[in-house]
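Here's the structure, in structure tokens; my notes come after.
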Amino acid sequence: MRRSPIMFSAMVLLTASCGEKPVDTRANLHLWQHQTGPEEHEANKQLIARFNAGHPDLKIHAQTIPQGSYPQSVMAAAMAGRLPCVLTVDSPMVPAFVWAGHIRPLDDLIDRNAFAEIAPAGLGRYNGHIYAVGQFDAALAIFTRRSTLAQVGARIPTVQHPWTREEFDGLLGKLKATGRWQVPLDLGTREPNPNWWTYAYSPLLQSFGGDLIDRGANQTAQGVLNGPAAQQWAVWFRSLFVNGFARRQEPDDQSLLHGRVAMAYTGNWRAPDLEKAFGKDLLILPPPDLGHGVVIGGGSWQWAISSTCKSPKEAANFIQHVIRTDEIADMASAAGMIPSTEAAAERTSRFRRGGDWRVFFDLSRAYAQQRPSTPAFTTISNAWYRAARDIMDGTNPRDSLDDAVDEIDQSIQDNGGFATVAKGKSR
Amino acid sequence: MRPQWANRGALAFLFGTPAMLGLIGFLVVPFLMAIGLTLTNQKLLSPQDTRIVGLSNYERLLGLTMIRQDSVLGVNGDTGFERVRDVTRRTPRLHGYKPLGQAEFGSTRLVLLARDPIFIQSLLNTILFAVMVVPLQCSLALALALLVNAGLPGQRLFRTVYFSPVVMSMVVVAVIWAFLFNRDLGLINQFLSWATFGKFQPVDWLGNPATAMPAIVIMSAWQGAGLQMLIFLAGLQAIPKELYDAARIDGATAFQRFLHVTLPGLSRTIAFVIIITTIAAFGLFTQVDVMTQGGPANATSTVMFYAIERGVRGQDIAYGSTITVVYFVLIATLALLQQRFFARRAGS
Amino acid sequence: MKPPLNSKTAAQRIATYAIVLLFVVIFVSPFLFMLMASFKPNQQIFSDLSSIRAFLPVGSISLQNYRDVIGSSGIGRFALNSAFITIVTVCAGLFVNSLAAFALARLEWRGKGMVLGLIVVLLIIPLEAIAVPMMLMVAYLPTLGFEGGLSIQWSWLDTRLVQIVPFVANAFSIFFFYQAFSDIPRDFDEAAYVDGATPFQVYRHVIVPLSGTTFATVAIIQGLAAWNQYLWPVIVVPSEGARPLMVGLQQFFRFQTEWGEVMAYATLATLPVFLAFIFFQRWFVQSVMGSGVKG
Amino acid sequence: MPSQVELCDVQKGFGERQIIKGVNLLIQPSEFIVLVGPSGCGKSTLLRMIAGLESVDTGEIRFDGAPVNDRRPAERNVGMVFQSYALYPHMTVEENVAFALKIARVDAAERRQRVDEVLDVLQLSALRNSRPSQLSGGQRQRVAIGRSIVRKPAVFLFDEPLSNLDTALRVQMRLEISRLHHRLRNTVVYVTHDQVEAMTLADRIVVLEAGTVQQIGPPLELYERPANKFVAGFLGTPQMGFLAAEAVGHGADGLSVRICASGVTLPFRGQGSRQGNVTIGIRPEDCTLCAPEQGHLAGEVLQVERLGSDTFAFVEGGGEAPVAVRVGADRDVPAGSRVGVTFDPARCHLFDDSGVTLPPHTA
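Chains as they are written, first to last, in the working numbering: chain A, 1 to 427; chain B, 428 to 775; chain C, 776 to 1070; chain D, 1071 to 1433.
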């Protein structure tokens, strides 16, 4: 007797909970963004608020999605036919999204000239179309302290004259020898995210002269990912851990801040914190030239329009708003990200010529290389992650790299070379 | 035979339908779907049409073969063996096979090849985990139950304390323990170093292939022992006190009483606990996912972890389903064998 | 309850006590560490690690971590989602599973043995094994939407519903109820039938009230599973709207490395279950113990 | 209104085993019928068939002439007291008693009134808010009865209701049940294995053995004129003594029967002529002790039971079992002594080879 009202209300609640997702209507524009740091999140909120204020007939509903499962989320939503109109895409994922039919070209909605100013790393191109565009790029650098380098008498490298491999290894040895740090370098290997490993460590491989895939036709990794240069990279990478230069897993990403390491290999988004802590003592340096020039990863999160969007014109309006110089500059200032146009950079205090963080802008322009532009990127990224991690943990580098090559080539073969098939496949 | 009115077919159907619909809809159907998917090349996030590929997923997963190699003269005069991968790439029959293990006999060697050595390793890891965690967790649980049952003041509090990890989310527990296991900062190394006056060399528990699985075993036993402790407690309290009194009168020592009264009295409970612990052990996933992601060097990759890794994260649904179907066959066989074994033991 | 103590010497008792306390330390310290760390700033957590201070509320103790977590992480919304999912799953689960168990344990019908066998087999299929096909399936299930009039949407993804419905019917709960119901003397039902009760009345007025501990146990076990759900929502609930607490914790842990805040989050996520456990533990312990012996 | 209950060739089996092998019984309204028999004889099954808790394989059960085979228990208007009482532990005394009325949706005022009435009759009013676990055995028993009478059933079924009580309580409850029956005048079917209960409560006793009715009749008739050796042995404490004997011929005094153990031949009046093995049955109160050489039977006293009011000597006389003899309370018979036993053939029962009473009972 006493149970039934509970049961009843449970059922009512259950039913009521069914309809929680609003459907698209003309006045609403749904938007998904990946989860970011608080500053970038806040900047995005304001960007959307400004757009909403300028477009009374349109309202943007923004949702934040965890970064780790973002591709799965998009895939799930696409399967359910519930992709939002506008969404952010990590630039290397653009080809996969295009291939799967999730997003549509931007250049048939927006005049190509609008993108003329945007740096190449800020454009998501595939098959001759522009599918996505970003306000900013990110860059990895070596962060350390002036005082630390002075202690061991090391040269301060510049963008034009980066450390050589011998210099870098020697420096690590000297830092280790001081005994001040159990390990001198935080490489960022604690992050268990394949895309991070690709972003952070495949440029090191490229600097050795190897690559993730033969960029010609993007059809095989054979001889590139497991060639002699790649094997050299593997031996070097492993040596960092064997020699006690880096920990395989820091407990958090604040090792440099807390003085547990002397140098950290990390991104420009860490600059605000570190600058606050170290002030003028902070040094932001280019990664070492490991034989074939400095390479850093290019391409960050970009905006795209889903192919199921029912109001593409309005979505295009939003995209155009996003890439206005003042918006790019605002975002760059607020989130500390590298603006994707020169004009916007000049509008910021940090990234303009002579600014504190100009080094990132220069690094990005000078050394950034895009990740392979192929729908096979996820497979490549996963295979690379496994191989690099195993090498770090001491497996036979040649075998691990061969395994990665086999896996990548197998996947490309399984998917018919990822040839683009007819679009508009129903769910 | 119950009277006619008590044959409640229709009513039982009515009462059972909601539950059966749920079980069939969200357990049986997906499982049958999984079996169906194993025969296809279904991928996530692919615009290409799905094809029936027969048993090739199973072949890819379970393919094993053996080759014999004779030693060859190396470039600088020493004898050695040709690299296995060079052989497999050259030989169409061996295409896709990778070395799993090898044994040398003088100038020949035998190499065991697998299509998917990581799966084989994951399977072995899973068995290794079960072999380590089941005895540890069960004996820990039994020890805790005996302690709680020793009649000391405050035993209820102890019972609660020992049980409390069970109610914690495995995610929370794993996050905390990942911290405790850290090489330079983790409390476990700090403690061992303190207890041995600094002689102890810090171990990278989760970063060393030799210690990663034992570390997960320790954490899992710690997390789960409380539940089995409760079951053992129940078993202990079901043993008639007269048996202990009789054993005392016969002059049995505490250890003899444990051996001849407690253990036989618990035999059914022990069998039950071992079966449920083994089944749970074979499903190992969350700890690995949070703490090690299968590493280092696949030392903690388990069948379930590998299935999710390939099926969801690698977007190869068909292959992931194949792994889970193989897993199910394995676990069902195991459960059946254990039940048989213990049933026969109990019967004799 | 207590075995005789008479034969233990004082030394033996002290030794036993020492072992008991050692285990208490082993079992409590990780939680104690979590709790203490949640009150400390990040820097201090690390500097305290090498000493007993890690387990003591010393240094600069504050609720700042909690303030930050509650203020910024969306934990409130996730906690509400988890609470809703847990409560509905448990309530519906108790009803549906106990009713099915009642049909199995107390009603006579053909095919009962077969259904029971099926349930035992289903006990060993883990969620992980079927998560992927189930995701494909729920992506195409219909739900009712209310926005702009009643409409049907063809997907359960990204809802709370998808975190509830698949877990309401539960083979373990049915089996557990079945065992408990089977132990209730038949005379109770028969007396009620003679008194004119219908089977549902027997269920409601006799079997349910007699099985309080069993209901408490199943509620705790199913509730814990619902509250601690992790893998499934990671797969099927991309957006924040329906995200449960444990996924929130994992995300927070991944992108926020202020350990004090992570510990505060973990403490907050753990607290409700722990309180519920303490509150229900008497029944729960009784019932688990009661069911365990039979195997 | 009390009902007439009729069992017509009722049969039932569980699998291969036949539990009830064709029982015929007509129970008059207001009659108190006791089903007795050793455990496993099918008496509880028969009762449960009347209640509707067990199916009837063949045959028919009729209430007031109407077949009820397919009626549910609730539709038969029966009340039942279970051996375990089956009191709901989660309900108070009052709730237990009121349960059936609540199920039947009797309105609250009437429910209250009828429950009060029953509690009053059974002197349970003071305990109305107690739970079964707080009650003594006798109180629980009364609640169980109260629960079944509150519906005013036409037929009242008891399944070994007193077997869980100690001796003193059992006597007391027996009286209460008897008083209650006199007051309510229900039709009662009462199952027990205790012959004292059967003898004291029943209007008529039905003796069951292996699913078959052995005899039906008023208690004393069964005691005095058992239809067969089984009934004779079943009723009476200590048991009737049995002596293997042989009919040797028919004389003027009647049938001459020679007791095998002692060789003594006794004449049995009113018996037809016959030859062959027979069994003599003799009740303890019909025997007397005497000197060994004077008895119809001689033997050693194996055991002496002194009950206070009576003393029984068990004499090993070469029969299937020792023969019990009632001696005066004051007679001192040492165990181990050798005694003789005499009895009046007129008080003896004679059974043929198959155990049927000679001459066949005509009642």
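Positions of the beta carbon are idealized from the N, C-alpha and C atoms, including for glycine.
Remember, it's a predicted structure, so these values are computed and weren't measured experimentally.
For the options Gly1085(D), Ala1121(D) and Glu1101(D), the alpha carbon positioned closest to that of Arg1253(D) is the one of Glu1101(D). Secondary structure note for Arg516(B): its alpha helix (DSSP H) is the uninterrupted segment Val511 to Arg517. Under the DSSP assignment, Gly971(C) falls outside any beta strand (DSSP E); it carries neither an H nor an E label. For Thr587(B), the C-beta contacts it makes with chain C under 9 Å involve Phe1052, Ile1053, Gln1056 and Val1060, in order along the chain. The beta carbon of Ile860(C) sits no closer than 9 Å to any beta carbon of chain B.
Asp716(B): not part of any beta strand (DSSP E); member of the alpha helix (DSSP H) spanning Thr713 to Met718, first to last residue. Between Ala639(B) and chain C, the shortest Cβ-Cβ separation is not below 9 Å. Judged by DSSP secondary structure, Asp497(B) falls within the beta strand (DSSP E) whose first and last residues are Leu491 to Asp497.
Looking only at Leu824(C), Glu1033(C), Gly892(C) and Phe798(C), the smallest Cα-Cα distance to Met447(B) is reached by Gly892(C). Within the same chain, and ignoring the five residues on either side of Asp716(B) in sequence, the residues whose Cβ sits closer than 7 Å to its Cβ are Phe732. Comparing alpha-carbon positions, the option among Gly738(B), Ile451(B) and Ala648(B) lying closest to Ile894(C) turns out to be Ile451(B).
For the region 1110–1133 of chain D, the residues whose beta carbon sits under 9 Å from a beta carbon of chain C are, in order, Arg1118, Ala1121, Gly1122 and Leu1123.
Chain-ordered, the chain C residues with CB closer than 8 Å to the CB of Ser1154(D) read Pro960 and Asp962.
In terms of beta-carbon proximity, Lys815(C) stays away from the interface with chain B, with every pair separated by 9 Å or more. Ranked by Cα distance from Gln1081(D), the first of Pro1143(D), His1320(D) and Gly1129(D) is Gly1129(D).
An exposed status is given to Leu764(B), since fewer than 16 other beta-carbon atoms sit within 10 Å of its beta-carbon.
Within the same chain, and ignoring the five residues on either side of Gln938(C) in sequence, the residues whose Cβ sits closer than 6 Å to its Cβ are Ile860 and Pro1008. One alpha carbon belongs to Val993(C), the other to Gln231(A), and they sit about 56 Å apart.
The secondary-structure analysis by DSSP pairs Trp301(A) across a beta bridge with Asp90(A).
Sequence-distant partners of Met493(B) (beyond 5 residues in either direction) whose C-beta falls short of 8 Å from its own C-beta, in its chain, are Leu537, Val538, Leu539 and Leu540.
Counting along the chain, Tyr1005(C) sits inside no beta strand (DSSP E), nor does DSSP assign it H or E at all.
In the three-state scheme derived from DSSP, where H, G and I count as helix and E and B as strand, Gln320(A) is classed as helix. Relative to Phe1084(D), the option among Pro1072(D), Leu1116(D), Gly1107(D) and Cys1078(D) whose CA is nearest is Leu1116(D). Chain order gives the chain C residues near Thr64(A) as Glu1015, where near means a beta carbon separation below 7 Å.
When DSSP reads this structure, Phe1413(D) sits in a beta bridge with Cys1357(D).
Cβ contact annotation for Leu555(B) (same chain, cutoff 7 Å, sequence separation greater than five): Met640, in chain order. Counting only runs of 3 or more residues that sit fully inside the region 212–299 of chain A, the beta strand (DSSP E) segments are 263–267, 282–285 and 296–298, in chain order. Interface criterion not met: the Cβ of Arg610(B) is under 9 Å from no Cβ in chain C. For the pair Val1426(D) and Lys1222(D), the CB atoms are not nearer than the 9 Å cut-off. If only complete runs of 3 or more residues are kept, the region 38–77 of chain A shows the beta strand (DSSP E) at 59–65, in order along the chain. Within chain B, no residue has its CB atom less than 7 Å from the CB of Gln33(A), the nearest being about 20 Å off. Annotation for Asn28(A): no alpha helix (DSSP H) segment contains it, though the beta strand (DSSP E) segment containing it runs Asn28 to His34.
At least one C-beta of chain C is nearer than 9 Å to the C-beta of Met79(A). Non-local beta-carbon contacts of Leu932(C) in its own chain, meaning distances under 7 Å to residues more than five positions away in sequence, involve Val913, Ala914 and Val1011 in chain order.
Leaving aside the five residues that flank Glu1355(D) on each side, the residues in its chain whose CB is nearer than 6 Å to its CB run, in chain order, Arg1396. At least one CB of chain C lies nearer than 9 Å to the CB of Val74(A).
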